[in-house]
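UniProt numbering puts the sequence shown at residues 1 to 238. The beta-carbon is built from N, C-alpha and C at its ideal position, and this holds for glycine as well. Only a predicted model underlies this, so the values are computations on that prediction, with no experimental measurement involved.
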Amino acid sequence: MGSITLKNVRKTFGDAEVIPGVDLTIEDGEFVVFVGPSGCGKSTLLRLIAGLEDVTSGQIVIDGQDVTHAAPARRRLAMVFQSYALYPHMTVRKNIAFPLKMAGMAQAEQDKRVAHAARILNLDSYLDRRPGQLSGGQRQRVAIGRAIVREPAAFLFDEPLSNLDAALRVNMRVEISELHNKLATTMVYVTHDQVEAMTMADKIVVLRAGRVEQVGSPLDLYRSPANRFVASFIGSPN
Ligand code: ADP
Ligand code: MG
1 MGSITLKNVR KTFGDAEVIP GVDLTIEDGE FVVFVGPSGC GKSTLLRLIA GLEDVTSGQI
61 VIDGQDVTHA APARRRLAMV FQSYALYPHM TVRKNIAFPL KMAGMAQAEQ DKRVAHAARI
121 LNLDSYLDRR PGQLSGGQRQ RVAIGRAIVR EPAAFLFDEP LSNLDAALRV NMRVEISELH
181 NKLATTMVYV THDQVEAMTM ADKIVVLRAG RVEQVGSPLD LYRSPANRFV ASFIGSPN
């Protein structure tokens, strides 16, 4: 289960009102993309959902439970960081198992979950290597593996492909979509890349200056953009 509801969520940093107030519902199992230009508040909104930032006001509900002021670990969400967040001195196996080890999980259960994640991500034969011995795409998969083993209610991605080269970006885009099909777990994916949004999303949330300009399927947005900002941003002819 992984529904996420934001009720009039506001965030200010000092005098700067970065998120003036967002209402949004993410259904269980949906692939939702937050898209918008740099600085529009995508990362801040994701960090508010993750609990890495505290809301100024408003409410966040995950699976019917009010988590507005809950610690990140209590939200059952997994944030996927870019592949450079791996520990270079640890094997792939240890990198993937790391959050489980920190949580004090029994070794047998850790091994089972790591094997499952490795199978899903085609990393079985790389478990004893270190990140430096992997390609960029494999490293990105290890970063995703570290999220999968936690069996989260939802995955949160913040521009996970932005430091990969163009060809690899296309591959990983497909891989993440396939992963969503396999796991059927809610994914919230932040990008400033319209192509990623249009090709990956069930539902796109277009943000501008911390406000939701439009929510809809890629086709909805393409055919019926709410305004010229949305039209020009997603490349609609209208
Ligand atoms: P995006 O991810 O869409 O590029 P961000 O959410 O990172 O945008 O930032 C939105 C705005 O909030 C920017 O103007 C940024 O400078 C500001 N901001 C983000 N985090 C902080 C912070 N910790 N303190 C002050 N301002 C911040
Ligand atoms: Mg950002």
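Residue nearest to residue i in terms of C-alpha spacing, selected from the options
i: residue 56; options: 16, 25 and 204; result: 16
i: residue 63; options: 117, 77, 172 and 146; result: 77
i: residue 182; options: 6, 236, 31 and 8; result: 31
i: residue 5; options: 39, 228 and 75; result: 75
i: residue 186; options: 84, 175, 203 and 214; result: 203
i: residue 84; options: 194, 161 and 151; result: 161
i: residue 103; options: 151, 40 and 134; result: 151
CB contact flag (residue i, residue j, <7 Å)
i: residue 113; j: residue 149; result: yes
i: residue 179; j: residue 50; result: no
i: residue 159; j: residue 191; result: yes
i: residue 36; j: residue 169; result: no
i: residue 33; j: residue 197; result: yes
i: residue 206; j: residue 230; result: yes
i: residue 14; j: residue 153; result: no
i: residue 124; j: residue 118; result: yes
i: residue 29; j: residue 184; result: yes
i: residue 137; j: residue 90; result: no
i: residue 80; j: residue 147; result: yes
i: residue 222; j: residue 236; result: yes
i: residue 163; j: residue 82; result: yes
Residues of its chain near residue i, where Cβ-Cβ distance is below 7 Å and the 5 sequence neighbours each way are ignored
i: residue 93; result: 114, 127 and 128
i: residue 10; result: 19, 20, 21, 55, 56, 57 and 58
i: residue 145; result: 96, 117, 118, 121 and 123
i: residue 26; result: 3, 4, 32, 186 and 188
Cutoff 8 Å; reference residue i; Cβ partners in own chain excluding five residues on either side
i: residue 109; result: 100
i: residue 44; result: 11, 18, 19, 53 and 210
6 Å CB neighbourhood of residue i in its chain, flanking five on each side removed
i: residue 131; result: 86, 88 and 139
i: residue 111; result: none
Residue(s) in a DSSP beta bridge with residue i
i: residue 158; result: 190
i: residue 105; result: None, per the DSSP bridge assignment.
i: residue 241; result: Summary: the structure shown does not reach residue 241, with the chain confined to residues 1 through 238, and so no result is reported for it.
i: residue 79; result: 156
i: residue 11; result: 19
i: residue 110; result: Answer is none; residue 110 lacks a bridge partner.
Residue i: CB within 6 Å of a non-hydrogen atom of the ligand HEM
i: residue 200; result: Although the ligand HEM was asked about, the structure shown includes only the ligand ADP and the ligand MG as ligands.
Min CB distance residue i to chain C below 7 Å
i: residue 142; result: Absent from the structure: chain C. Only one protein chain is present.
I need the residues with a C-beta less than 5 Å from some heavy atom of the ligand ADP; please give them in chain order. 13, 18, 38, 39, 40, 41, 42, 43 and 44
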